[in-house]
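Enquirer: In the working numbering, the protein residues as written are 707 to 1438.
C-beta: ideal position from N, C-alpha, C; glycine also.
Got a structure here, written out as structure tokens. Questions coming.
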Amino acid sequence: MSFVPSSVRAQPARRASRPSPAARRAGALTPLALALCCLAPAAWAQQAPAAGGNNAAPSTTAAPAAGNAANTNGAMPINTTNLAPVIITGNPLGNDALSSPSSVLEGKQLDLRRESTLGQTLNGLPGVSTTTYGPMVGRPIIRGLDGDRIRIMNNGLGSVDASSLSFDHAVPMDPISADRIEVIRGPAALLYGGNAVGGVVNVIDDRIPSEPINGIHGTAQGDWGGANDDRTGAVQVEGGDGKFAIRADAYTRATHELRIPGYADSGNIRGQDDNGNGPRDHLPNSDGRVHGGGVGMSWTGDSGYAGISYSGYNSDYGSVAEDTVRLKMHQERFGASGEIRDLDGFFTKLKADFAYTDYQHKEVDDGETGTTFKNHGYEARIEARHRDFGPISGSMGLQISQTQFSALGDEALVPSTDTNNFAIFDLEQWKVNDRLTLSAGGRVEYTRLSPSAGGNDRFLDSSKRDFTATSFSLGAIYKLDSRWSIAANGAYTERAPTFYELYANGPHDATGQYLIGNPNLNKERSFSGDLGLRFEDGPNKANFGIFYTHFRNYITEVNTGLYTDDDGEVVPSSTDDALSQAVYRAVPADFYGFEASTTTRVLESGAHKLDLNLSGDYTHARNSDTGEPLPRIPPLRLGFGLDYTYGPWGAGVSFTKAFAQHRRPENDTSTAGYYRLDADASYAFKVGQTQWLAYVRGTNLTNQEIRYSTSVLRDIAPEGGRAVMVGLRANF
């Protein structure tokens, strides 16, 4: 599949001179040869023995989405040359290209990838995998890093929720509400904080219009099918008079229990029937419902805009680890955003964003609420671009946030904690010449955590902690010629530990664990670097990159091999309701690997176009002192796909090989490799003034049993089996 969309809204179309047939053939072969050279040695290297005597067969992750993803336009084809997208996230200077590796999903490409969760939607992009806790829960993992090291944002500001605290907590964003999703891989801590050391995922819904709108426009979309009988609908309407604009949207999703191939339990150990077999052909308690929407309005002018928005989100889904537990989630978010351009003086542009979020979810066991998790707070961010000094341009800003988190009830595994954060940052760019562009920046961030025991004896010893974290980075892009370029990055990042890494001390039945934090943890420090080779020539694109990150003290959750009761007392594993003991520890760690993707036009005859897509990624992570593998690391994945278009028709097929993951800590289990086959077909047509896109996609068509090594429930909760989904989208 293609990972970079071929068209972007709000960019002018430009015609390019048509290369000769010989030049087109040469351009097509170059990225293909690059990808083959990169991927073949990687597959061979995967079979080599790993340090510590384990076989280096990395863990399982999802396949890239079905083919034809390169076509991002849901409308009828038009005779214009499409441009590569300009990344908004992490790009205050508006550069055409970022030194950091990035991916964008929007339009038709996003439609053909949408799943029930953000993690599953992004799963299969270069370097991106997902946690899973059934079909309704999935948080993105980037280069093997998850939790508080991946910054999940909505319109450039953090999502205030509890998704990083525990694997059963969903991200309160439904992909059906997204207009565009941007992923920055590698350290983005400079602009967004230490908890972006692994990368950033920014979900953009455009609820606050930033450009003038004339007349009334909108979209309506519906999907049905999938392995969980997903029924999804969404509608969005916007209108304006060129100055004042308003936008409203609503969506709903309902699913049944997930259909799976074979048994839910890899060893048939849970819920055995009279014949000694566990649940089969379906995943118990995996159904769910989601609904939400929002409204926003703004004033737009030649020199900027200003607007406000409100959004709400509600979900009710089952915990697949416990047949009687359901999670009921509610979030409200108020936002404001504005920008002033074309200023005189030292600053030429100012941009400000603000969001206040009120979040809670209840864990309900057999109709009774056991624990209520609450998190509410605000985040404010101001960016100011200064005037250029010759070839030097730059942007600086400040960021303030405050959150109040509490877990009340039987599973109060962390104390109520106030977290205050203040940061300043600066990013400067030097355009040395037409070929070389350099960038440098720094960030200083102060964090204060104030816990409150709230009468719970387990948290009486929790004390205030404060941290001052410093990060800086260097980047460069060098153009070898009009098609080839090299990008390099280096960064030093500090991250303050979170409240749950410091203060956790309690049972969490939804994950079957008793979590214990470490109140003496220090800042997490890391050194990161990546180097990428990029190619782009019309429809032919290729990217290959390598990365390396060393953590002096990587904070990780480790299973001790012991079992406890709800009071934290060690008990035999055979005891009823025994919980696996997990502790947070800081260890030196190394992460390294590669990412590769290529799209090659192999046929262009009249309206017939055929693209070949190749992809691959791999992450190796270990304790630097002992050589022991780190938990939940995705495996080597290799992908192959074909995309075909003929006028309004489109079709695609993709095939992914994910290798087994035997590199895992002593108390974890291995996962088997798998093959996955996906396909799609689409047709774009117009009725009156409305443009329509009809599509069908099949997933896991060979009905493989797929268990992700990134899932804590891989032994009892496989992924869905063979499925087909149909969808229809209208733009009016």
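1. Between Arg-1093 and the rest of its own chain, which residues show a CB-CB distance below 7 angstroms, the 5 nearest in sequence each way excluded?
2. If you draw a straight line from the alpha carbon of Ala-762 to that of His-1368, how long is it in whole angstroms?
3. I'd like to know whether the C-beta atoms of Tyr-1209 and Pro-1225 end up nearer to each other than 8 angstroms.
4. Using 8 angstroms as the threshold, is the C-beta distance between Arg-1343 and Ala-1366 below it?
5. Work out the CA separation of Ser-1107 and Pro-737 for me, nearest whole Å.
6. If contacts are defined as beta-carbon pairs under 8 angstroms, then Gly-1000 and Gly-1018 qualify, I think. What distance do you get, rounded to the angstrom?
7. Going by DSSP, which residues form a beta bridge with Ala-1400?
8. Pick out whichever of Leu-1239, Arg-1338, Gly-1147 has its Cα sitting closest to the Cα of Pro-846.
9. With 16 other CB atoms within 10 Å as the buried threshold, where does Pro-1335 fall?
10. Rounded to a whole number of angstroms, what is the C-alpha to C-alpha distance between His-1314 and Ser-809?
11. I'd like the list of long-range same chain contacts for Ala-1436, defined as Cβ closer than 6 angstroms, with 5 residues on each side in sequence excluded.
12. I believe Ser-1177 touches Thr-1204 by the beta-carbon criterion, under 8 angstroms. Please report the beta-carbon distance rounded to the nearest angstrom.
13. If we call anything under 8 angstroms between Cβ atoms a contact, is Thr-795 one with Val-906?
14. Starting from Gln-826, follow its DSSP beta bridges and name the residues at the other end.
15. Please confirm whether Ile-793 and Glu-944 have their CB atoms less than 8 angstroms apart.
16. Thinking C-alpha only, which one of Phe-1346, Glu-1038, Val-909, Glu-1117 is nearest Tyr-1084?
17. Could you tell me the alpha carbon to alpha carbon distance between His-997 and Thr-823, rounded to whole angstroms?
18. Are the beta-carbon atoms belonging to Asp-1384 and Arg-1370 less than 8 angstroms from one another?
19. To the nearest angstrom, report how far apart Cys-744 and Gly-1251 are at their CA atoms.
20. Starting from Leu-1133 and walking both ways along the alpha helix (DSSP H), at which residues does that stretch end?
21. Between the alpha carbons of Asp-1116 and Phe-1257, how many angstroms are there, rounded?
22. Put Leu-818 into one of helix, strand or coil per three-state DSSP.
23. Got a sec? Which residues, its chain only, sit under 6 angstroms from Ala-1429 by beta carbon, not counting five neighbours each side?
24. On the three-state DSSP scale, how would you describe Gly-833?
25. Which same chain residues end up closer than 7 angstroms to Leu-1186 when comparing Cβ atoms and leaving out the 5 residues on each side of it in sequence?
26. What span of residues does the alpha helix (DSSP H) with Ala-902 cover, start to end?
27. Which partner residues does Pro-1335 have in the DSSP bridge list?
28. What residues in its chain sit with their C-beta under 6 angstroms from that of Phe-1165, if we drop five residues either side in the sequence?
29. Where are the beta strand (DSSP E) runs, 3 residues long or more, that stay fully inside the region 1238–1292, in chain order?
30. What residue range is occupied by the uninterrupted alpha helix (DSSP H) comprising Glu-1207?
31. Take Arg-1454 and list the residues in its own chain whose beta-carbon comes closer than 8 angstroms to its own, dropping the five residues that flank it on each side.
32. Please say whether Leu-1348 and Leu-1316 have beta carbons closer to each other than 8 angstroms?
33. Where does Arg-1149 fall in DSSP's three states?
34. By Cβ distance below 7 angstroms, which residues in the same chain neighbour Gly-850 in space, the five residues on each side in sequence not counted?
35. In this structure, does DSSP put Arg-1428 in helix, strand or coil?
36. Return the chain-ordered list of same chain residues with a C-beta closer than 6 angstroms to the C-beta of Ala-768, the five sequence neighbours on each side being excluded.
Expert: Here's the rundown:
1. Phe-1052, Thr-1054
2. Annotation note: pLDDT 33 at Ala-762 (below 50); position unreliable, coordinate value reported separately. Roughly 7 angstroms separates the two Cα atoms.
3. yes
4. Against a cut-off of 8 angstroms, the Cβ pair of Ala-1366 and Arg-1343 comes out as no contact.
5. Its pLDDT being 42, under 50, Pro-737 is placed unreliably in this model, and the coordinates cannot settle the point.
6. 7 angstroms
7. Tyr-1389, Leu-1434
8. Arg-1338
9. Residue environment for Pro-1335: buried (at least 16 other C-beta atoms within 10 angstroms of its C-beta).
10. 27 angstroms
11. Ala-926, Thr-1396, Trp-1398
12. That pair is no contact at about 17 angstroms.
13. yes
14. Looking at the DSSP assignment, Gln-826 forms no beta bridge with any residue, so it has no partner.
15. Against a cut-off of 8 angstroms, the Cβ pair of Glu-944 and Ile-793 comes out as no contact.
16. Glu-1038
17. 13 angstroms
18. no
19. Confidence in Cys-744 is poor, its pLDDT being 42 and thus under 50, which makes the residue's placement unreliable; the coordinate value appears in the next sentence. Distance between the alpha carbons of Cys-744 and Gly-1251 is about 10 angstroms.
20. Per DSSP, Leu-1133 belongs to no alpha helix (DSSP H); it is in the beta strand (DSSP E), 1122–1137.
21. Cα to Cα, Asp-1116 sits roughly 35 angstroms from Phe-1257.
22. Collapsing the DSSP output to three states places Leu-818 in coil.
23. Gly-932, Ala-933, Thr-1405
24. DSSP places Gly-833 in coil when its eight states are reduced to three.
25. Ile-1192
26. DSSP places Ala-902 outside any alpha helix (DSSP H), giving it a letter other than H or E.
27. Arg-1328
28. Pro-1121, Ala-1159
29. 1246–1270
30. In this chain, the alpha helix (DSSP H) harbouring Glu-1207 covers 1205–1209.
31. With the chain running from 707 to 1438 in the structure shown, residue 1454 is simply not present.
32. yes
33. strand
34. Phe-1297, Thr-1325, Ala-1327, Ile-1339, Pro-1340
35. coil
36. Confidence in Ala-768 is poor, its pLDDT being 35 and thus under 50, which makes the residue's placement unreliable; the coordinate value appears in the next sentence. Correct list, in chain order: Asn-829, Gly-830.
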